[in-house]
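What follows is a single structure, written as structure tokens, with notes after it.
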Amino acid sequence: MAAKETTQIHDTSCSKMTIEFDRENRYVPSRSPSKRKPSGIETDSVSPSASSQSSSRCVSEVGGRAHRHASFSENSSEQGYDADDTPLARARLVSNMGRGKIASKDIFKALEPDEDGKVDSVKLLEFLKRSGLGTDSVQRLDFNREIVHYTAQSAIATSDGRMRNTYKELKSQDFVDFERFQTLKTSNELVGKAFRGELAISDFEAFCDVINDAYKDLEDCTEGNNADYIPTLATVNPDYWAISVCSVHAQRYCIGDSKVPFCLQSTCKPLNYCMAVELHGKDKVHEHVGHEPSGRNFNERVLLKPKGIPHNPLINAGAIMVTSMLHMDKSEWERYEAVTETWQHLAGMSRRPHIQYDTFMGERATANRNYCLAYMMAEENAFPPNTDIQKTLESYFQWCSLELDCEQMSVVAATLANGGICPKTGERVFSQDTVSSCLSMMMSCGMYDYSGEFAFTCGFPAKSGVSGVLCIVIPGVCGIATFSPRLDALGNSVRGVKFCQILSKRLPVHAFGGPQESVTDEVRVLRAIALARMIDNAELLVYLVD
1 MAAKETTQIH DTSCSKMTIE FDRENRYVPS RSPSKRKPSG IETDSVSPSA
51 SSQSSSRCVS EVGGRAHRHA SFSENSSEQG YDADDTPLAR ARLVSNMGRG
101 KIASKDIFKA LEPDEDGKVD SVKLLEFLKR SGLGTDSVQR LDFNREIVHY
151 TAQSAIATSD GRMRNTYKEL KSQDFVDFER FQTLKTSNEL VGKAFRGELA
201 ISDFEAFCDV INDAYKDLED CTEGNNADYI PTLATVNPDY WAISVCSVHA
251 QRYCIGDSKV PFCLQSTCKP LNYCMAVELH GKDKVHEHVG HEPSGRNFNE
301 RVLLKPKGIP HNPLINAGAI MVTSMLHMDK SEWERYEAVT ETWQHLAGMS
351 RRPHIQYDTF MGERATANRN YCLAYMMAEE NAFPPNTDIQ KTLESYFQWC
401 SLELDCEQMS VVAATLANGG ICPKTGERVF SQDTVSSCLS MMMSCGMYDY
451 SGEFAFTCGF PAKSGVSGVL CIVIPGVCGI ATFSPRLDAL GNSVRGVKFC
501 QILSKRLPVH AFGGPQESVT DEVRVLRAIA LARMIDNAEL LVYLVD
């Protein structure tokens, strides 16, 4: 007889985000009021027959904003179920996998071991790949949903020992028994989360479909022009187009020209602000720079009255001010090492990023406005004591000229989404309080004088740069980077902004979209369908859909 299923759901003010689409593949975000359940409430088991009443299937549950904790009842421990090996029994097992409450033996059983009680290791590898946990390459899916791999220097396995060791072990053996499976699951938290359906983006393939659709929709967009005030920006191929995603659980996906390097430009500003706050504290930093939207161009000659300080750290004047607080007591080389090492940790890179020299020289040659801003602030005594304006500006030009690619930038964004912890390495780079201040600033000031409209229509923190990069943060879920050099009149990437608008329409990522509906039995069964598809259980998938 099947064991009684009991789930303890801890009270939380946050809510899950469930994404569905109907039979015409139109994405339908669920926005019903959340029904919070106090700790200790039992939830009934899922009836797979509920799927026959549903006209939609689960695409993804974005689980970073709330964490559901399961406590197993005594009878549903590691002993597993005694139910027959039937499609109905397997439906219950796979459904409960998505609820994060099923025993390890039952997860193993859902993977359909052979008569010797072993599972083909290839099946486990494919499951992890489809979950977004890449092997020796960052994962791509082409438009026909076939998995394609390509070598990438910044792939998870080359720097994340957790997945590298897991894949090495699975590839070294043809089959995995339950004991080995249990060891893999408990020794690697990402593997455990994948098989329990607890990754930040649980149906990663379907999430990537949304990204693919947006990429294709914008591929032929030729609106806007390259920035031309620096020669190196003007000569970049305007047709470059890339999107890269990194979830807070290190799920990776990219499409397009994601390995093409670009200079950071203004996307360095929020991270430099974080560095200054970590060094001096928030109160000290904000003695010299405000946190108000300016409502003006990013290089406008205007200060926040009556203090005479820059409005915020994300406009040029504010970024110059923040730079004056970054290791200015050190030599030029020590300062460069300190800042680039932080960027290395943010992106989970094996090396420090480099300065794009031609861009740096172009910044210096066209810096009259920035010199004007610096001396205007000096006249107001806004800088910290003994600030060397020339050294400050030289450093500012360097940080704007640092070079990353779209894949690396998505990890930086994911580090912010993960509260300051790099998903690739598990290393804490910034404190949660610092990141909260940074994201608040990005939300209100990150898109130049389009910031208010962007916050209203898209509803998540982002920062643009005139090189065509856009750094997007979905807190608790993922970081996304886009790269397309064509800019609109306000200095934002045309494709990047349009992508954000599509993302906000198709997925419930708007920060003020309202609390999400609590997970219902129907949604659990829909999620079971997604999990069944991910483990290639065709018989179970047909049974559930029918």
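Quick note: the sequence shown, position 435, residue 435 per full-length UniProt numbering, numbers continuous.
Think of the CB as a built atom: it goes at the ideal place given N, C-alpha and C, for glycine as much as any other residue.
Nearest to S247 by C-alpha distance, out of V411, T457 and E427, is V411.
Contact between P353 and L404 holds: CB atoms are separated by about 6 Å, below the 8 Å threshold. Check the Cα spacing between R180 and each of G132, Y375 and F108: the tightest is with F108.
A contact between stretches requires three or more CB pairs, one per stretch, nearer than 8 Å, and the region 257 to 266 meets this requirement with the region 234 to 243. Under the three-state reduction of DSSP, C263 is assigned to strand. F456 is classed as exposed because its beta carbon has fewer than 16 other beta carbons within 10 Å across all chains shown. Closest option to D449, judged by alpha-carbon separation, among A382, D106 and D488: D488. Inter-residue distance for N370 and P231 is about 17 Å (C-alpha atoms, whole angstroms).
A direct Cα-Cα distance of roughly 12 Å separates G465 from L402. Sixteen is the threshold: since fewer than 16 other Cβ atoms of the shown chains lie within 10 Å of the Cβ of L279, the residue is exposed. With 16 or more neighbouring CB atoms inside 10 Å of its own CB, W399 falls in the buried class. Secondary structure remark: continuous alpha helix (DSSP H) runs of at least 4 residues inside the region 393 to 425, in chain order: 406 to 417. Burial state of N316 is buried, judged by a 10 Å Cβ sphere holding 16 or more other Cβ atoms.
Using a C-beta cut-off of 8 Å, the region 174 to 191 makes no contact with the region 203 to 210, since fewer than three inter-stretch Cβ pairs fall below that distance. Of S395, H510 and M409, the smallest CA-CA separation from V469 is found for M409.
By the C-beta density criterion, W333 is exposed, having fewer than 16 other C-beta atoms within 10 angstroms. When the Cα atoms are used, G479 and A378 turn out to be separated by approximately 37 Å. Taken through DSSP and simplified to helix, strand or coil, D488 comes out as coil. C-alpha of K463 to C-alpha of K168: approximately 38 Å in a straight line. With respect to C263, T359 sits close: the two C-beta atoms are nearer than 7 Å. Taking 4 residues as the shortest admissible run, the region 163 to 197 contains the following complete alpha helix (DSSP H) segments, listed from N- to C-terminal end: 178 to 187 and 189 to 196.
Collapsing the DSSP output to three states places G362 in a helix. Within the same chain, and ignoring the five residues on either side of G348 in sequence, the residues whose Cβ sits closer than 6 Å to its Cβ are S159, V411, C422, K424 and T425. Contact between the region 433 to 442 and the region 389 to 396 is absent: fewer than 3 CB-CB pairs across the two stretches fall below 8 Å.
Here the alpha carbon of M325 sits roughly 42 Å from the alpha carbon of S187.
Residue H311 holds the alpha-carbon nearest to the alpha-carbon of H288 among P261, L218 and H311. Beta-bridge analysis with DSSP links L470 to S464 and T482. Distances from the CA of S440 to each of F460, S467, G318 and E427 were compared; the closest alpha carbon is that of F460. Excluding residues up to 5 positions away in sequence, M328 lie with their Cβ nearer than 7 Å to the Cβ of K391 in the same chain. Less than 7 Å divides the Cβ of A194 from the Cβ of L128. Here the C-alpha atom of R130 lies approximately 35 Å from the C-alpha atom of N272. By the neighbour-count criterion, in which 16 or more other beta carbons inside 10 Å mark a residue as buried, T366 falls on the exposed side. S484 and V473 do not touch by the CB rule: their CB atoms are close to 18 Å apart, not below 8 Å. Here the alpha carbon of D283 sits roughly 33 Å from the alpha carbon of E407.
For K118, same chain residues with a beta-carbon under 7 Å away, outside a window of 5 residues either side, are F175, V176 and D177 in chain order.
In this structure, S444 and P293 form a Cβ contact; the two beta carbons are roughly 5 Å apart against a cut-off of 8 Å.
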